[in-house]
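Trainee: Below is a structure I'd like to ask you about.
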Amino acid sequence: MTTSGLYDLVTSEGDDGTVHPDEQLWTPGEDAVENGFIVHHGLHITGIDGPTDDHLYPVGFVVLGHQRWADIIEAAAAYMAQVHGWRNLHLYPGDDPSVLIPRIPRAVLTHGVFLRHPHPDHDCGCEWDETWRMVWAPSTAPGAVPITAMRHPAAPVTTAASPNPDEGAPAIWAA
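Taken in order, the sequence shown gives residues 990 to 1164; the numbers are from this note's numbering.
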């Protein structure tokens, strides 16, 4: 899951007066596969939902590290095949194949921060325990990791809320 705003670390003061983050920072590494990423030709990729978190299928993809656009498209297709059993990347199930699908969106090189539950809005032990979410971040933010992001071709442009380099977002177009 993602949010569209830039990352802002929220902290709380503990009983002993120590300030700590409300959510812990997580850097996906060897445990990335255990947390929803797949590996395709050495790339760690996962599908992401939009800010509303109400879609059955991914509206976008994130890949760890800065990667080439063509590699992202191939990895996204592999993700959809492996996770959802799709044979192509272009349509959501039930979509009308006669409707024009916009060309595959370009990937952006940006940064994100992965936050892990617990979150102050949810008590420990709830359904959100041990889940993560990602927020876009400038490269200088604490815990920011380089990622490549791409909207799913069938998702409306506004759904994925990926950073847009043409609008001054902290991102550049992938080659």
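Quick reminder that beta carbons are idealized off the backbone N, C-alpha and C, glycines included. Since the structure is predicted, the reported quantities are computational estimates derived from the model, not experimental observations.
(1) Under the three-state reduction of DSSP, which class applies to Trp1075: helix, strand or coil?
(2) Helix, strand or coil: which one does DSSP assign to Pro1135?
(3) From which residue to which residue does the beta strand (DSSP E) around Ile1037 run?
(4) Check Thr992 in the structure and name its three-state DSSP category.
(5) Enumerate in chain order the residues of its own chain whose CB-to-CB distance from Arg1140 is below 6 angstroms, with the five nearest sequence positions on each side excluded.
(6) Exposed or buried, Phe1034, counting other C-beta atoms within 10 Å across all chains shown (16 or more means buried)?
(7) Between Ile1037 and Val1051, which are expected to be in contact by the criterion C-beta below 8 angstroms, what is the C-beta distance as a whole number of angstroms?
(8) What do you reckon, are the CB atoms on His1100 and Pro1131 nearer than 8 angstroms?
(9) Which of helix, strand or coil does DSSP assign to Ile1027?
(10) Use the C-beta contact count for Leu1089: other C-beta atoms within 10 angstroms, 16 or more gives buried, fewer gives exposed.
(11) When DSSP builds the beta bridges, which residues end up paired with Val1052?
(12) With distances taken Cα to Cα, identify the nearest neighbour of Leu1104 among Val1124, Pro1086, Asp1085 and Leu1098.
(13) Per DSSP, what kind of secondary structure is Thr1099 in: helix, strand or coil?
(14) Work out the CA separation of Ile1136 and Thr991 for me, nearest whole Å.
(15) For the putative contact between Ala943 and Trp1121, defined by C-beta atoms under 8 angstroms, what is the C-beta separation to the nearest angstrom?
(16) Give a yes or no on whether the C-beta atoms belonging to Gln1056 and Ala1163 are separated by under 8 angstroms.
(17) Tell me Arg1092's beta-bridge partners as DSSP assigns them.
Mentor: Well, looking at it:
(1) coil
(2) strand
(3) Leu1032 to Ile1037
(4) At Thr992 the pLDDT is 43, less than 50, meaning the model places this residue with poor confidence and gives no usable figure here.
(5) Gly1049, Pro1094, Ala1149 and Ser1151
(6) The sequence as given places Ile at residue 1034; Phe does not occur at that position. Looking at its Cβ environment, which holds 16 or more other Cβ atoms inside 10 Å, Ile1034 is buried.
(7) 6 angstroms
(8) no
(9) strand
(10) exposed
(11) Ile1034 and Thr1137
(12) Val1124
(13) strand
(14) The predicted model places Thr991 with a pLDDT of 42, which falls under 50 and marks its position as unreliable, so this point remains unresolved.
(15) This structure cannot settle anything about residue 943, because the visible part of the chain is limited to 990 through 1164.
(16) yes
(17) Paired residues: none, contrary to the question.
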